[in-house]
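The listed protein sequences correspond, in order, to chains C and P.
Okay, so the first sequence: first residue is 1 according to full-length UniProt numbering, each after it adds one.
Okay, so the second sequence: first residue is 1 according to full-length UniProt numbering, each after it adds one.
The beta carbon of each residue, even a glycine, is placed where N, CA and C say it ideally should be.
Predicted model only: the values in this text are computed from it and were never measured.
Protein chains: 2
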Amino acid sequence: MPRTPSAVPRPRRVTAAQVAELAGTSIATVSLVVNGKTAGRVSDANIERVKNAVDELGYVVDHTASSLARGTSNVVILIAPDLSNPFYGRVISGIKNELGSEFQLLLSVTGEGRNPSASDVHRLIALRPAGILVEAPDDAFLRDLPAGAPLVLLDAPGRETQATTVNFDLADGISALLDHLAERGHTRIGYLDSRTRTETFELRRILVENGARERGIEYVSLPEAASLIDPDAAAAVFARFWPTWRDAGVTALVCATDSHAYGVLSAARSLGVSVPEDLAVTGFDNLPASAIVSPALTTVELPGEALGRGAVHALQAQRLTPDPVATPLLGATLIVRGSTA
Amino acid sequence: MPRTPSAVPRPRRVTAAQVAELAGTSIATVSLVVNGKTAGRVSDANIERVKNAVDELGYVVDHTASSLARGTSNVVILIAPDLSNPFYGRVISGIKNELGSEFQLLLSVTGEGRNPSASDVHRLIALRPAGILVEAPDDAFLRDLPAGAPLVLLDAPGRETQATTVNFDLADGISALLDHLAERGHTRIGYLDSRTRTETFELRRILVENGARERGIEYVSLPEAASLIDPDAAAAVFARFWPTWRDAGVTALVCATDSHAYGVLSAARSLGVSVPEDLAVTGFDNLPASAIVSPALTTVELPGEALGRGAVHALQAQRLTPDPVATPLLGATLIVRGSTA
DNA sequence: CTGAAAGCGCTTACAG
DNA sequence: CTGAAAGCGCTTACAG
């Protein structure tokens with residue numbers, strides 16, 4: 001937004017001084033009352049007077065001034081690469097439910113599916129948030145961990161010692177997935193990776209690879225087979241690599257996210273590849289659309305609501321210590337549907 | 001988040017006073033330099049000294065103090081009911097692209113698909129935002145329009161006189177849709193509404209109803225047929241009303257959003273209703289998944305990116321006047337796919 | 001229980 | 001071009 005020549009003046013806000021005057025008290029008393037710190041410090045009569053004056057004038061504490069005086073605000077910020085991914089809806093809902101009304105959640109999105117960077121966070125720290133929750137931070141971010149606000153990383157496996165982190169139990173969900181594929185008779189599987197280099201995707205790939213080996217399943221490695229978290233991008237990558245996978249005897253393709261899998265389903269249809277007859281397809285997340293796409297998608301459900309709640313708990317613990325706080329892993333569940341029938 | 005007993009102290013931030021001391025200038029000079037207001041007011045030598053000191057200390061202007069002194073912040077807030085709807089991804093991207101780096105976008109979501117309310121906005125105004133963008137405000141909100149920050153409503157047709165509003169040209173898109181259905185020989189259509197009572201949905205329904213009449217298509221009115229913007233909820237409603245529609249001879253069902261349509265496609269499959277043979281289905285939005293569901297969805301594409309850009313333009317204009325600013329309608333386009341083939 | 005006052009870290013007239 | 005000072009609207013020791 002270009003700088004504006006001169007903005008129109010807005011209506012003056014009601015201040016604590018006005019409330020104090022109307023109530024016949026000091027500003028300090030107004031502050032104590034509106035912040036509920038009256039116990040043994042303000043008389044009932046004054047509490048009453050201030051409350052009446054607040055109602056009459058419609059006074060609301062100025063958040064900016066309050067934050068400056070206090071040194072911290074009541075805002076908690078979630079920074080994430082791509083809120084349009086429905087997965088975050090569940091995370092956000094978990095955070096809000098757990099935060100309660102004392103704090104206020106604001107979201108910051110990085111552009112173009114870019115991962116949150118340290119400079120993004122520095123700009124947000126200037127807002128003096130009560131906490132910052134970072135979804136899927138990238139390497140650069142972790143190299144220069146910003147100080148200045150309590151920080152919690154979400155879905156950043158392997159970073160537990162660097163910062164407070166809330167993670168999924170991917171090992172469990174991936175074991176179930178591979179058992180399922182083995183049971184269906186698959187002996188050669190491929191993997192469609194996410195192109196964003198984030199810890200969680202690194203881990204998913206490695207667990208699939210190792211788990212396959214343990215079960216005598218051949219993991220056909222094709223590191224180039226990776227796309228952004230977007231059905232169209234995934235479709236293009238699948239179209240490009242399908243011949244290779246097919247010729248290698250791959251009968252099941254594990255995708256890094258449901259969004260990747262959607263693209264595979266779409267491209268497979270165009271290419272005349274039958275799912276699951278020619279190729280079984282699986283995802284991660286269990287997005288709402290996964291029950292509806294055709295065939296319905298087998299996927300490892302990641303409990304986003306629990307991730308959000310866990311992040312708030314961790315933030316609360318983090319506020320009490322400068323050291324990383326240990327948090328329990330959140331279980332992932334295999335959901336079997338038609339795409340691996 | 002429950003109140004914490006006593007938070008650990010965070011590292012002290014670098015202040016302008018420290019920069020001034022290192023640079024050997026006054027604090028005022030530091031402020032002028034970091035805000036780029038040096039023209040004719042700061043010597044080149046001092047600009048240089050301050051910049052070096054800023055770099056050396058890693059100084060960042062404290063946003064809270066700056067907002068308090070200035071009376072307004074550099075934060076623009078978008079408040080929306082449900083960011084998990086991929087439609088908002090495009091809107092957000094449009095806003096960010098247009099805002100540039102001088103301002104910072106933060107998002108606030110209302111819980112549970114609830115529409116933004118006046119009290120939500122009052123809490124946000126306490127942050128002294130440079131502007132507030134409200135997506136799909138509800139009636140109560142509009143009855144008590146909050147003052148205190150420049151405000152722009154997105155997708156709130158009929159509210160142009162109450163506040164600055166950016167809207168789609170729904171009439172155009174719906175005309176194209178009905179022409180298409182008429183051409184395919186449909187003479188009786190149904191409508192699956194959104195249960196959130198928002199202006200835009202009201203308008204969609206009315207335009208479909210009137211447009212049908214003008215074309216000699218019978219609009220089978222079933223006001224109960226409405227659900228939240230969620231495939232599962234829409235599927236349940238469709239399952240309940242399909243017998244009624246079928247018996248009334250409905251051969252095409254217009255849905256208020258693509259998300260509703262996904263639910264219909266899913267339920268239709270379970271019920272053995274062939275799409276488009278037994279029933280043609282359409283949506284609004286053109287979400288990414290709409291090209292991938294089966295059959296692919298015919299839909300009226302709403303240009304979310306343009307909506308976001310338009311909102312920022314409108315905000316900029318709004319800052320110059322207390323009166324609602326007139327904005328052009330953004331064209332909607334019909335995308336024809338298999339669900340009406 | 002109460003209020004005057006210092007302080008949070010900036011920005012912006014203002015006088016020089 | 002420069003800096004001392006007032007002011008933004010709160011919160012919180014502190015003295016009473």
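Pick helix, strand or coil for residue i, following the three-state DSSP scheme.
i	result
residue 135 (chain P)	strand
residue 241 (chain P)	helix
residue 59 (chain P)	coil
residue 188 (chain P)	strand
residue 4 (chain C)	Because the pLDDT at residue 4 (chain C) is just 45, under 50, the model does not fix this residue reliably, and the point stays unresolved.
residue 252 (chain P)	strand
residue 277 (chain P)	coil
residue 76 (chain C)	strand
residue 315 (chain C)	helix
residue 196 (chain P)	coil
residue 208 (chain C)	helix
residue 378 (chain P)	Residue 378 (chain P) falls outside the range modelled here, since chain P spans only 1 to 341, and no answer is possible.
residue 264 (chain P)	helix
residue 222 (chain C)	coil
residue 294 (chain P)	coil
residue 330 (chain C)	strand
residue 310 (chain C)	helix
residue 304 (chain C)	helix
residue 216 (chain C)	coil
residue 230 (chain P)	coil
residue 179 (chain C)	helix
Say whether chain C places a C-beta atom closer than 7 Å to the C-beta of residue i.
i	result
residue 204 (chain P)	no
residue 64 (chain P)	yes
residue 266 (chain P)	yes
residue 49 (chain P)	no
residue 289 (chain P)	yes
residue 300 (chain P)	no
residue 326 (chain P)	no
residue 128 (chain P)	yes
residue 307 (chain P)	no
residue 83 (chain P)	yes
residue 132 (chain P)	no
residue 34 (chain P)	no
residue 339 (chain P)	no
residue 194 (chain P)	no
residue 294 (chain P)	yes
Looking at chain P, is there any beta carbon in it that lies within less than 7 Å of the beta carbon of residue i?
i	result
residue 106 (chain C)	yes
residue 67 (chain C)	yes
residue 37 (chain C)	no
residue 4 (chain C)	Its pLDDT being 45, under 50, residue 4 (chain C) is placed unreliably in this model, and the value from its coordinates should be taken loosely. Closer than 7 Å to some Cβ of chain P, the Cβ of residue 4 (chain C) qualifies, so yes.
residue 181 (chain C)	no
residue 136 (chain C)	no
residue 274 (chain C)	no
residue 185 (chain C)	no
residue 111 (chain C)	yes
residue 349 (chain C)	Any answer about residue 349 (chain C) is impossible in this case: the structure gives chain C only from 1 up to 341.
residue 174 (chain C)	no
residue 60 (chain C)	yes
Practice item. Ignoring anything shorter than 3 residues or poking outside the segment 78-133 of chain C, list the beta strand (DSSP E) runs there in chain order. Key: List check, beta strand (DSSP E) in window: 104-109.
Check your understanding: Are there three or more Cβ pairs, one per stretch, closer than 8 Å when the segment 311-323 of chain C is compared with the segment 120-129 of chain C?
Key -> These segments do not touch.
Exercise for review: Could you run through the segment 247-265 of chain P and flag, in chain order, every residue whose CB is less than 9 Å away from some CB of chain C?
Suggested key: Listed by position, the residues of the segment 247-265 of chain P near chain C (Cβ gap below 9 Å) are 259, 262, 263 and 265.
Practice item. Only counting runs of 4 or more residues, tell me where the alpha helix (DSSP H) segments fall wholly within the UniProt domain "HTH lacI-type" (14-70) of chain P, in order along the chain. Key: Contiguous alpha helix (DSSP H) elements confined to the UniProt domain "HTH lacI-type" (14-70) of chain P occur at 16-23, 27-34, 44-57 and 63-70, taking only those with 4 or more residues.
Practice item. Can you give me, in chain order, the residues of the segment 215-231 of chain C that have a beta carbon less than 8 Å from any beta carbon in chain P? Key: Shown in chain order are the members of the segment 215-231 of chain C whose Cβ falls below 8 Å from a Cβ of chain P: 230 and 231.
Exercise for review: Kindly confirm or deny that the segment 168-187 of chain P and the segment 206-220 of chain P touch, where touching means at least three C-beta pairs closer than 8 Å.
Suggested key: They touch, by the three-pair rule.
Check your understanding: Residue ranges of each beta strand (DSSP E) run of no fewer than 3 residues wholly in the segment 137-171 of chain P, ordered along the chain?
Key -> Positions of the beta strand (DSSP E) runs, each at least 3 residues long and wholly inside the segment 137-171 of chain P, are given as 151-154 in order along the chain.
Review point. Between the segment 275-286 of chain P and the segment 128-142 of chain P, do three or more beta carbon pairs fall short of 8 Å?
Key: In the pairwise beta carbon analysis, the segment 275-286 of chain P is classified as not touching the segment 128-142 of chain P: fewer than three pairs are separated by under 8 Å.
Practice item. Spell out a yes or no on whether the segment 57-69 of chain C and the segment 106-121 of chain C are touching, meaning 3 or more CB-CB pairs, one atom from each, closer than 8 Å. Key: Segments in contact, no.
Check your understanding: Is it a yes or a no for the segment 47-57 of chain C touching the segment 212-231 of chain C, going by three-plus beta-carbon pairs under 8 Å?
Key -> No: fewer than three Cβ pairs fall under 8 Å.
Check your understanding: Is it a yes or a no for the segment 257-267 of chain P touching the segment 291-301 of chain C, going by three-plus beta-carbon pairs under 8 Å?
Key -> Between the segment 257-267 of chain P and the segment 291-301 of chain C there are three or more C-beta pairs closer than 8 Å, enough to call the two in contact.
Point to revise | Members of the segment 148-169 of chain P near chain C, C-beta cut-off 9 Å | key: Flagged, chain order: 148, 149 and 150.
Exercise for review: Spell out a yes or no on whether the segment 225-239 of chain P and the segment 248-260 of chain P are touching, meaning 3 or more CB-CB pairs, one atom from each, closer than 8 Å.
Suggested key: Yes, they touch.
Practice item. Spell out a yes or no on whether the segment 326-338 of chain C and the segment 152-167 of chain C are touching, meaning 3 or more CB-CB pairs, one atom from each, closer than 8 Å. Key: In short, these stretches touch, since the Cβ pair count reaches three.
Practice item. Mind checking the segment 85-96 of chain C against chain P and listing, in chain order, the residues whose C-beta falls within less than 9 Å of any C-beta there? Key: Answer set for the segment 85-96 of chain C: 85, 86, 87, 88, 89, 90, 92, 93 and 96.
Check your understanding: Should the segment 297-310 of chain P be regarded as contacting the segment 242-250 of chain P, the criterion being three or more beta carbon pairs within less than 8 Å?
Key -> With a cut-off of 8 Å, the segment 242-250 of chain P and the segment 297-310 of chain P do not count as touching, because too few Cβ pairs lie within range.
Review point. Touching or not, the segment 28-43 of chain P and the segment 333-340 of chain C, by the rule of three or more beta carbon pairs under 8 Å?
Key: Of all C-beta pairs linking the segment 28-43 of chain P to the segment 333-340 of chain C, fewer than three are shorter than 8 Å, placing the two stretches out of contact.
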